[in-house]
Amino acid sequence: MKTLLLLAIRAYQRHLSPHKGFRCAHHVRTGRGSCSGYGHRVITRFGAVTGLRLLRRRLAACGALAREEEQRG
Numbered sequence: 001m002k003t004l005l006l007l008a009i010r011a012y013q014r015h016l017s018p019h020k021g022f023r024c025a026h027h028v029r030t031g032r033g034s035c036s037g038y039g040h041r042v043i044t045r046f047g048a049v050t051g052l053r054l055l056r057r058r059l060a061a062c063g064a065l066a067r068e069e070e071q072r073g
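In my numbering, the protein residues as written are 1 to 73.
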C-alpha cells in the first residue's frame, strides 16, 4: 500500500501537477513545500495510515488557504 501511494504521488508530481494551471496554496502562502511533497515525506516516514491522516489535515489547511485567497480576489 505504501509503495503504491508513493508511486501515485510521484506520478501526480511529474505528469499532472505541471499542467493543472495553479500551485499549491500552502506552498504559495508559506514558502514551504507543496502538499504532494509533504504527502510523500510523511507516508515515507510514518507509513500509509498515519501518513494519509497527516496529509488529509494538510490538504484541509491548504484548501482553507486557497478559499481565503479566492475571497480576497
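We treat Cβ as the ideally placed atom computed from N, Cα and C, and that holds for glycine.
Checklist entry - What are the boundary residues of the alpha helix (DSSP H) that Gly47 is part of? => result In the DSSP assignment, Gly47 falls outside any alpha helix (DSSP H) and carries neither an H nor an E.
Checklist entry - To the nearest angstrom, how far is it from the Cα of Met1 to the Cα of Gly31? => result The alpha-carbon atoms of Met1 and Gly31 are separated by roughly 30 Å.
Next on the checklist: Need the endpoints of the alpha helix (DSSP H) that Leu5 sits in, please.
Outcome noted: 2–11
Checklist entry - What three-state label does DSSP hand Arg58 in the structure shown? => result Reduced to three states, the DSSP call for Arg58 is helix.
Item to check | Inter-residue Cα distance where the pair is Tyr38 and Thr3 | outcome: Cα to Cα, Tyr38 sits roughly 16 Å from Thr3.
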